[in-house]
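Using the UniProt record's numbering, the letters of the sequence shown map in sequence onto residues 1 to 508.
This report concerns only the one structure given below.
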Amino acid sequence: MYAASIQSTTGTLAGYARKMTQNGRPDMEIILEDHNEGKTYTTFDPLSGRVEITAPHEARFDEIRITLEGTVKTFVENLSPHSTKARTTATHNFLRLSMPIRESDYPQPRIAEAGRTYTFPFNFVVPDQLLPRSCSHACVSDHVRDAHLRLPPSMGGRSFSGQDDLTPEMAKVNYAIKVKIVRTRERDGQEVVLVEGSKKIHIIPAIAEEPPMSVTHLDKDYVLSKTKSLKKGMFSGKLGKITVTAAQPNALVLPAPSASSTMVPGTTMTTVNLRFDPHDSSSQPPRLGGLTTKIKASTFYAARPAMEVPSHFGMVHQFESTRGVYDTSVPLSSRCVEAVTWTRHTPSPAYVRRNSASSTSSDDCSDEIHASPPKENKPYYTAEILLPITLPTSKAWIPTFHTCILSRSYTIDLSLTIHTPGTGVPASTVALHLPVQIAANGNNARRATLTAEEAAAELADADEFLRPRVLEMPSPELVGNSVINAGAELPPSYEDFAVPRRSVVSRG
């Protein structure tokens, strides 16, 4: 009857929705407990609160949906002249948690009274893993799929921290609590969203440090060691060769969001090893100059799912118009390493002639085997530089992650300046590119606060588990009556057990 009056007034449900908009939208407010602007949530943190809805006039509805959703959005500019679209966009809804609403919370009938406020509570927990259906495309390995099933961090906006997170406009990761008021259309059964609202939240999930990367010669993105020849002067001979090697640093770990803001930001350390092989014995190690470090953030975005972990070399080797990368660097430190001390090493010969008297072999040729001419062994010099790496607080850092269409990785770029003793020779520069991870601590030991209903259910399960059991003796008719079928149903290897053997004792 009420539906008929609505239809006679507006004609259709769409007209009814337009009338609601014209006469005033329902006042919808999403309230999070213990929330403040700029707060960051992490794994296992509770997201509890309520939704308050006040209708300006009577309105009929069928359902109210409260969800926690996570979405990745990317777009790639089309460079092909044959395409009519300016860009290709992609959206991946990787997370959707629904809050069930009790029937008693709804008004009966489901007609919102004018001016009355209705409250619907919700309680979510930030998960530590996504469902397998969140990544349904093919992957080259289980490692890639496992990475795609982890929660990515929020990125692509300054609304929470006010700092730049080095993300281009082509990529965004958003989390939000969304509320929709839905009504089903009578004439065709289609659902129509009457009113909807959302509240964005900032999530940096706990991401553990992965094992160090196995960097091979095929990984063109990284350079862990480099050798360079040096000259004494413009027209002089060779000075020697210098080799610069650096170890892959441990991960930079971001503190948990609940930790004090005065904590030291992510810090790690690596060792730069130097080796100088002189061209002749009179050549001395070169004078070192400055060591400059910076961190490069690479954001890989795509309009199609990635089957493997993206890289710069892979994008060049297998060019696809639906993929892109955005690189930006942040300076870390610049220091003078001229005072580094070189250590001289004089290696022992590879082969040493032994005295024939010490030979244990009776063969006359045994002494000749150990009398091979020794290899040339020149002295060389080594040095070490301990290099601390600290993330600057001027940026909003997010951990390393990989999703189906979006990834973030980091590289430490080292640049060492070397001065030769001759005049007229410009300073040489050796550059290394080290992979580095940014991990994030979370409140893994913290358990989300239970609601009253969840606490009661858990207590009931505990009582059932601890309920005393009564042990009784079996009935007399069941004692000693277990019979093993000794027929053909026994496996072939159990023939000896089918008929017990009896030993025969002869009596003398």
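Note that CB positions come from ideal geometry on N, CA and C, so glycine has one too.
Small disclaimer: the values here were computed from a predicted structure and weren't measured.
Asp-142: member of the alpha helix (DSSP H) spanning 142 to 148, first to last residue. If you look at Met-315, you'll find it in the alpha helix (DSSP H) that goes 312 to 317. At the C-beta level, Ile-53 and Pro-26 come within 7 Å of one another. Shown here, Arg-344 sits in a strand according to DSSP, grouped into three states.
Excluding the 5 residues flanking it on each side, Glu-77 has same chain C-beta neighbours closer than 6 Å at Arg-87, in chain order.
Under DSSP, Lys-231 shares a beta bridge with Lys-238.
The stretch 60 to 133 is shown to contain whole beta strand (DSSP E) runs of 3 or more residues at 63 to 77, 87 to 99, 117 to 125, in chain order. Under the three-state reduction of DSSP, Phe-401 is assigned to strand. Of the residues assessed, Thr-74 falls on the buried side of the cut-off, its CB having 16 or more other CB atoms within 10 angstroms.
Put simply, the backbone Cα of Gly-266 is about 16 Å away from that of Gln-248. Membership of Tyr-380 in the beta strand (DSSP E) is indicated by the continuous run 380 to 390. Straight across, the Cα-Cα distance linking Ile-438 with Thr-167 is about 15 Å. The C-beta separation of Phe-61 from Val-125 comes to about 28 Å, leaving the pair out of contact by the 8 Å criterion. In this structure, DSSP gives Pro-212 a state outside helix and strand, which the three-state scheme calls coil.
In the three-state reduction of the DSSP assignment, Glu-52 falls in the strand class.
For Met-28, the enclosing beta strand (DSSP E) has its first and last residue at 27 to 32. Unbroken beta strand (DSSP E) runs of no fewer than 3 residues, entirely contained in the stretch 177 to 211, are found at 191 to 203, following chain order. Sequence-distant Cβ neighbours of Thr-346 in its own chain, meaning closer than 7 Å and more than five residues away, are Pro-379. The beta-carbon separation of Met-155 and Gly-324, rounded to 16 Å, does not stay under the 8 Å limit for a contact. The Cβ atoms of Leu-387 and Thr-270 sit closer than 7 Å to each other.
The closest CA to that of Phe-122, considering only Leu-32, Glu-103, Asn-36, is found on Leu-32. The three-state secondary structure of Ala-457, taken from DSSP, is helix. Residue pairing by DSSP places Cys-336 opposite Gly-290 in a beta bridge.
Our two residues, Val-195 and Glu-69, have alpha carbons roughly 17 Å apart in a direct line. One thing to note: Ile-207 has its Cβ no nearer than 7 Å to the Cβ of Pro-474. Under DSSP, the beta-bridge partners assigned to His-419 are Arg-287. With distances taken between CA atoms, Ser-198 lies nearest to Tyr-175 out of Asp-219, Ile-389, Asp-413, Tyr-175. Ala-112 has its alpha-carbon roughly 59 Å from the corresponding atom of Ile-389. Ranking Leu-432, Glu-477, Val-215 by CA distance to the CA of Lys-226 puts Leu-432 first. The residues Glu-308, in chain order, have a CB closer than 8 Å to that of Ser-141 in the same chain once the five nearest residues on each side in sequence are set aside. In the DSSP assignment, Arg-275 is bridged to Thr-243, Thr-382. By the 16-neighbour rule on beta-carbons within 10 angstroms, Asn-441 is buried.
Residue pairing by DSSP places His-433 opposite Val-223, Asp-413 in a beta bridge.
Phe-300 sits in a strand when the DSSP states are folded into three classes.
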